[in-house]
Amino acid sequence: MLSAAQLENYIKDGLACDYIKVLGDDGTHFEAVIVSPSFVGKSMVAQHQLVYAALGDKMRAEIHALSMKTYVPSKWQEINQ
């Protein structure tokens, strides 16, 4: 069973993150907030595709559902002021 911390590490290993928080306690359903400079200039779909690419086959094999909110660093800073 996959933990939220493991999933967080999988994403960080494949994507530069300024901030990441993953929640989920059943091992297959997760929620994530991800802030990455790699998202700059990309649509939300393209941002999510970068996360899926970082997860690779784990998305099909270990993760049933991943709800995510993705932000560029400037937007994240604006939200948290």
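Okay, so the sequence shown: first residue is 1 according to my numbering, each after it adds one. C-beta atoms are modelled at their ideal positions from N, C-alpha and C, and glycine is treated no differently.
Query raised in the report: What are the boundary residues of the beta strand (DSSP E) that S67 is part of?
Result: A65 to Y71
Requested in this report: With DSSP as the reference, please indicate the residues paired to F39 in a beta bridge.
Outcome: Its beta-bridge partners do not exist; DSSP assigns none.
Report task. Would you kindly report the start and end of the unbroken alpha helix (DSSP H) that includes L7? Result -> A4 to G14
Query raised in the report: Counting Cβ pairs closer than 8 Å, one from the stretch 45-58 and one from the stretch 24-31, do we hit at least three?
Result: Segments in contact, no.
Query raised in the report: Hey, L2 and E62: beta-carbon distance below 7 Å or not?
Result: yes
**Report entry** Endpoints, alpha helix (DSSP H) assigned at M44
**Finding:** Element bounds for M44: M44 to L55.
Report task. Can you tell me which of the three DSSP states E78 falls into? Result -> helix
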